[in-house]
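One rule links them: number in this note's numbering = place in the sequence shown (from 1) + 22.
Each residue gets a CB set at the ideal place from its N, CA and C atoms; glycine is no exception.
Please read these numbers as outputs of a predicted model, since none were measured by experiment.
What follows is a set of notes on a single structure, which appears directly below.
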Amino acid sequence: MTRRQAREQAFILLFEKSFNTDATVEELLELAKELRMLEDDEFVAALVNTTCDNIEAIDEHISANSKGWKINRIPKVTLAIIRMALAEILYFDDVPDGVSVNEAVELAKKYSTPEDASYINGLLGTVVRSK
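See the structure below:
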């Protein structure tokens with residue numbers, strides 16, 4: 023599985039988690055493996071676990087850098103992409119920030135709107151520049 027495919031799988035799991043908050047990451051991973059034949063991938067698991075384990079800190083970054091939008095008003099698809107990208111930017115030193123931003127924008131183009139892709143690019147760019 024490529025990193026791009028792994029990010030897409032992680033995004034889908036994080037999006038599912040936003041509706042099924044009581045489920046553990048392990049339960050979601052197992053269910054995804056059963057229903058979608060998700061490959062066992064360390065990067066997917068690490069990205070989902072890191073995002074969920076650091077959700078409060080990630081959401082603080084979103085709130086601090088989200089001009090004109092409260093976090094509860096951001097569409098769930100967009101929020102899942104932003105959270106995942108911020109987890110990668112903040113906690114994965116082996117991935118260049120530009121790659122994380124670009125991959126998030128590409129996911130938004132596929133699963134959301136051009137406006138959301140632009141919003142994600144701006145918000146993530148602001149966080150990267152403030153690092």
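- Rounded to the nearest whole angstrom, the CA to CA distance from Phe-65 to Asn-124 is 17 Å.
- Your pair Ile-77 and Ser-85 does not check out as a contact, with CB atoms roughly 12 Å apart and the cut at 8 Å.
- Only residues of its own chain outside the window of five on either side were considered, and among them Ser-134 and Asp-138 have a CB closer than 6 Å to the CB of Thr-100, listed in chain order.
- Residue environment analysis places Glu-82 among the exposed positions, since fewer than 16 neighbouring C-beta atoms fall within 10 angstroms of its C-beta.
- The three-state reading of DSSP puts Ala-126 in helix, counting H, G and I together.
- In this structure, Leu-35 places its C-beta atom within 8 Å of the C-beta atom of Val-70.
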